[in-house]
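Peer 1:
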Amino acid sequence: MHSAVLLIEFGSIILGLGLLGRFAARFRLSPIPLYLLAGLAFGEGGLLPLGASEEFVSIGAEIGVILLLLMLGLEYTAGDLVTNLKAHYPSGLVDGALNALPGAAAALLLGWGPVAAVVLAGVTWISSSGVIAKVLGDLGRVGNRETPVILSVLVLEDLAMAVYLPIVTALVAGAGLLAGSLTLAIALGAAGLVLFTAVRYGRLISRFVSSDDPEKLLLVVLGLTILVAGVAQQLQVSAAVGAFLVGIALSGEVAEGAHTLLSPLRDLFAAVFFVFFGLHTDPASIPPVLLPALALALVTAATKITTGYWAARRAGISPKGRWRTGGALVARGEFSIVIAGLAVSAGTEPSLGPLATAYVLILVILGPLTARYTEPLATRLTTHRANTPTPRRLTEPASRDSA
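Last residue of the sequence shown: number 403 in my numbering, and the count goes up by one each step with no gaps.
1) Just to confirm my understanding: we take residue 403, look at its own chain, exclude 5 residues before and 5 after, and list those with CB closer than 8 Å. What are they?
2) Measure the CB-CB distance between residue 333 and residue 364 and report whether it falls below 8 Å.
3) Could you give the DSSP three-state label for residue 281: helix, strand or coil?
4) If you draw a straight line from the C-alpha of residue 102 to the C-alpha of residue 307, how long is it?
5) Mind listing, in chain order, the continuous alpha helix (DSSP H) runs of no fewer than 4 residues lying wholly within the segment 209-239?
6) Taking residue 350 as part of the alpha helix (DSSP H), name the residues at either end of that continuous run.
7) Residue 10 to residue 276, Cα distance in whole Å?
8) What would DSSP say about residue 113, mapped onto helix, strand or coil?
9) Of the choices 82, 125 and 193, whose alpha-carbon is the least far from that of residue 94?
10) For residue 172 versus residue 348, is the C-beta spacing smaller than 8 Å?
11) Quick check for students: name the residue ranges of the alpha helix (DSSP H) that lie wholly in the segment 79-166, counting only runs of 4 or more.
12) Quick one: Cα of residue 206 to Cα of residue 240, how far?
13) If I measure Cβ to Cβ from residue 115 and keep anything under 7 Å in the same chain, skipping five residues before and after, which residues do I get?
14) Once the 5 residues before and after residue 346 are set aside, which same chain residues still bring their CB inside 7 Å of it?
15) Helix or strand or just coil, what does DSSP make of residue 75?
16) Which runs of the alpha helix (DSSP H), 4 residues or longer, sit entirely within the segment 292-324?
17) Helix or strand or just coil, what does DSSP make of residue 329?
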């Protein structure tokens, strides 16, 4: 009887997610806010709380995080990462300073303490690669001159995740300075080792994993990823970081084949992850943090636009392209929820989950709008200023004596 209820509940969740995804696609929206709202509706304090399937959804959510980071790693080779680090690290530093500090400041002003400040800094810092990639495709901007700048900023944020996630994991777990330093050292050592191995022996690794049979390729890549993620978690390093490093190590045809095969699985389990996050957020806890979330969203939307404008100007992009770059970077999404989820699971701050949910909901809706309208609005304002006649200076009439 219990298994029948589990199947009914989980089947209803998957069917509901599919219908929500179709609805979002019809209106060219990101489905992430709809998934979060679905989780809120069926979670604690929601309309119809789930029972039997919650543990199963929890496991699916963990797999969703692992697949999100694996697919992100598959997007880049180790050489690409090294090149981006050398060429665009100043943009990454500006991005981190402008967008992490508002989150940290907000947590401290709300009296949540230093650990919550570090977590909220990450929530406001990391843009949503998935939402931004979809928006660029929908707007037909993939081939634009500013698109490599946007991707470089996103890559640097993803690289920063490999260092940031172990720090957050140690902090929310209450690890001391020595244990936290050891965790970070292990993560950095693993990242360095994987990058070195990928650069020197990437072809050998890819050849070992490669298979002409899609079924075998899927099983080997997925099994290897979950295995490495489990080992990473056992070593007190984030499982997501382990998955990200596996993705970096694979390249060439193997990476392309794995990306094609794993994309549907990623979409499925990532949707389950967003629902799971919503399940653990009481809807009644959102209204008290709605105003802080809105204020934080407006501030960090402005700082992201500033970041993109600065990065594009540094790359020699025209003013219109600079505004498009800034507007495209505004959306937050999957990784902001991943970071907040670590703190929520550890019980760091009860209001952090509701604030992060409201914050992401606002910016995942606002992000596509800023990507579309920031440049036309900025162009109109600058043109209006240029066409506004400057008032003439009032001069006193010359005296007869001077004539």
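The beta carbon of each residue, even a glycine, is placed where N, CA and C say it ideally should be.
All figures in this text were calculated on a predicted structure; none of them were measured in a lab.
Peer 2: According to the data block:
1) Walking along the sequence shown from the start, residue 403 turns up at place 403. Confidence in residue 403 is poor, its pLDDT being 37 and thus under 50, which makes the residue's placement too unreliable to answer from.
2) By 1-based counting over the sequence shown, the position of residue 333 is 333. By 1-based counting over the sequence shown, the position of residue 364 is 364. Taking 8 Å as the Cβ cut-off, residue 333 and residue 364 qualify as a contacting pair.
3) Reading the sequence shown from its first residue, position 281 is the one you call residue 281. Reduced to three states, the DSSP call for residue 281 is coil.
4) Here the question's residue 102 lines up with position 102 in the sequence shown. Here the question's residue 307 lines up with position 307 in the sequence shown. Taking the straight line from one Cα to the other gives about 14 Å.
5) 214-234
6) Start at 1 with the first residue of the sequence shown, and residue 350 comes out as number 350. Unbroken run through residue 350: none, as it is neither H nor E.
7) As a first step, residue 10 must be located in the sequence shown, where it is residue number 10. As a first step, residue 276 must be located in the sequence shown, where it is residue number 276. Between residue 10 and residue 276, the C-alpha separation is close to 12 Å.
8) The residue you call residue 113 lines up with position 113 of the sequence shown. If DSSP states are grouped into helix, strand and coil, residue 113 belongs with coil.
9) Residue 94 sits at position 94 when you count from the first residue of the sequence shown. For the residues 82, 125 and 193, the minimum Cα distance to residue 94 belongs to 125.
10) Here residue 172 refers to the residue found at position 172 of the sequence shown. Here residue 348 refers to the residue found at position 348 of the sequence shown. For residue 172 and residue 348, yes; Cβs fall inside 8 Å.
11) 114-125 and 129-138
12) Mapped onto the sequence shown, residue 206 falls at position 206. Mapped onto the sequence shown, residue 240 falls at position 240. Going by the C-alpha atoms only, they are around 21 Å apart.
13) Looking up residue 115 in the sequence shown gives position 115. Same-chain partners within the cutoff: 171, 172 and 348.
14) Position 346 of the sequence shown holds residue 346. Here the set comprises 172 and 173.
15) One-based indexing of the sequence shown puts residue 75 at position 75. If DSSP states are grouped into helix, strand and coil, residue 75 belongs with coil.
16) none
17) Numbered from 1 along the sequence shown, position 329 holds the residue referred to as residue 329. Three-state DSSP puts residue 329 in coil, outside helix and strand.
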